[in-house]
Amino acid sequence: MADAITFYTNPMSRGRIVRWMLEEVGRPYDTQVLDYGTTMKAPEYLALNPMGKVPAIVCDGEVVTECAAICTFLADRFPEAGLAPGASEAGRGTYLRWMFFAAGPLEAAVTARSMNLMPPADKAGTLGYGTFEAAIEALEGAVSGDGPWILGDRFSAADIYVGSQINWGLMFKTIPDRPAFVAYAERLRARPAYVRATEIDDALMPKG
Numbered sequence: 006m007a008d009a010i011t012f013y014t015n016p017m018s019r020g021r022i023v024r025w026m027l028e029e030v031g032r033p034y035d036t037q038v039l040d041y042g043t044t045m046k047a048p049e050y051l052a053l054n055p056m057g058k059v060p061a062i063v064c065d066g067e068v069v070t071e072c073a074a075i076c077t078f079l080a081d082r083f084p085e086a087g088l089a090p091g092a093s094e095a096g097r098g099t100y101l102r103w104m105f106f107a108a109g110p111l112e113a114a115v116t117a118r119s120m121n122l123m124p125p126a127d128k129a130g131t132l133g134y135g136t137f138e139a140a141i142e143a144l145e146g147a148v149s150g151d152g153p154w155i156l157g158d159r160f161s162a163a164d165i166y167v168g169s170q171i172n173w174g175l176m177f178k179t180i181p182d183r184p185a186f187v188a189y190a191e192r193l194r195a196r197p198a199y200v201r202a203t204e205i206d207d208a209l210m211p212k213g
């Protein structure tokens, strides 16, 4: 079948981002739930993703890993879902800007802060994110524009990826609960595809 999608995940992983993306795309997909330390490290899966991590997808035989890459790939592969501006369309640069920002500087800054690995202040200039505070200020600006979404009135895969980081950051207290972040997360959680994806993954969580 054309555009056959297999989704490798675990409900306690960043696979939740890709599940949400798949639900927004609205195309059928097959889910393979992998376990940490066993099937995730098995030779069959390592042949697809040598990192031994989820999520990953296989779409018509092509393997894609890394959440931002998967979201970008799916948005471009299924343009009818309207989740990304086209290559020559207005907003494409803004869309890519914040996707890459969240995958690089933002995640690096949040991870360093949460693990108490922040560098000395005089070394900030050598880092891609500069400082945690600078990254958060930039993030707040991205979700505080004229419309409800990063691209204004248009919801996109950037909202799924950036929004997931904000949503988790608020839950785990790794991102400050500024009003702009809280309001943005509330809008995201109200989306039907987000609700469906969350229900599916919650049902897959270990019992007891």
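If you use this note's numbering, the sequence shown closes out at 213, no skipped numbers anywhere. By construction, the Cβ of each residue, glycine as well, lies at the ideal position given by its N, Cα and C atoms. Keep in mind the model is a prediction, meaning the values are calculated, not measured.
Tell me where the alpha helix (DSSP H) around residue i begins and ends.
i	result
residue 145	137–147
residue 98	97–106
residue 85	Segment: none, residue 85 is in no alpha helix (DSSP H) and carries neither H nor E.
residue 20	20–30
residue 199	197–208
residue 184	184–194
residue 115	112–119
residue 49	48–51
Express the C-alpha separation of residue j and residue i in angstroms, rounding to a whole number.
i	j	result
residue 189	residue 120	26 Å
residue 194	residue 160	13 Å
residue 151	residue 143	16 Å
residue 109	residue 208	31 Å
residue 11	residue 125	44 Å
residue 169	residue 138	19 Å
residue 84	residue 94	12 Å
residue 5	residue 112	In the structure displayed, the chain extends from 6 to 213; residue 5 sits before or after that span and is not available.
residue 183	residue 52	42 Å
residue 46	residue 18	15 Å
Could you tell me which residues DSSP puts in a beta bridge with residue i?
i	result
residue 64	10 and 67
residue 156	159
residue 35	11
Check the C-beta distance from residue i over to residue j and give it rounded, since I have them as a contact under 8 Å.
i	j	result
residue 185	residue 149	5 Å
residue 56	residue 77	Actually they are not in contact, since the Cβ atoms of residue 56 and residue 77 sit about 18 Å apart, beyond 8 Å.
residue 15	residue 38	6 Å
residue 5	residue 180	In this structure the chain extends from 6 to 213, so residue 5 is not present and cannot be described.
residue 166	residue 92	Wrong, their Cβ atoms sit about 19 Å apart, outside the cutoff.
> Is it a yes or a no for the region 195–205 touching the region 23–40, going by three-plus beta-carbon pairs under 8 Å?
Replying inline: yes
> Contact between the region 90–108 and the region 35–52: three or more CB pairs below 8 Å?
Replying inline: As far as the Cβ criterion goes, the region 90–108 does not touch the region 35–52, which means the pair count is below three.
> Between the region 27–37 and the region 82–90, do three or more beta carbon pairs fall short of 8 Å?
Replying inline: yes
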